[in-house]
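Asker: Numbering (the numbering used here), first residue to last: 490 to 591.
No residue lacks a Cβ here, since even glycine has one placed at the ideal position from N, Cα and C.
If you scroll down you'll find the structure; I have some questions about it.
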Amino acid sequence: MYHCFFRDLSVCLPFTLFECDFLNFVNSTPCQLHPNSWGFLRAFQVLCTVLEIKVSLPVFLHFYQLKVGVPPYGILSLSGSRDGGLFTLYSQSYKNFKQEYF
């Protein structure tokens, strides 16, 4: 895991059921997902909690699509679907996040 996941995005261990379901769905490890994508996951969970609605993977996947990065790293990232995403990119720059492996 990268330090910024915990420091900036409040990702906690153990992962929530929603986060585990998403990682299983995309068949990925946590460190393969770009920090901005973790931000989308976290923001969606917070929004659902505040609105008192069930956190749903199919609903989340309606708003976002997965992009696979180029080798050798193959970082996965989320972008808004053709219908648009719910949130904009996190303002923090993560150009060098790979140097902060925890």
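Assuming Leu508 and Leu530 are in contact, meaning their beta carbons sit under 8 Å apart, how far apart are those beta carbons, in whole angstroms?
Answerer: According to the sequence provided, residue 508 is Glu. The question's Leu does not apply to it. Confirmed, Cβ separation roughly 6 Å.
Asker: Does DSSP classify Ser568 as helix, strand or coil?
Answerer: Ser568: strand per DSSP, three-state reduction.
Asker: Consult DSSP for Val515 and reduce its assignment to one of helix, strand or coil.
Answerer: DSSP places Val515 in helix when its eight states are reduced to three.
Asker: Thinking C-alpha only, which one of Ser499, Val500, Thr505, Val559 is nearest Leu546?
Answerer: The shortest Cα separation from Leu546 among Ser499, Val500, Thr505, Val559 belongs to Thr505.
Asker: Exposed or buried, Ser570, counting other C-beta atoms within 10 Å across all chains shown (16 or more means buried)?
Answerer: Exposed, by the Cβ-count rule.
Asker: Are there 16 or more other CB atoms within 10 angstroms of the CB of Gly528, so buried, or fewer, so exposed?
Answerer: Classification for Gly528: buried.
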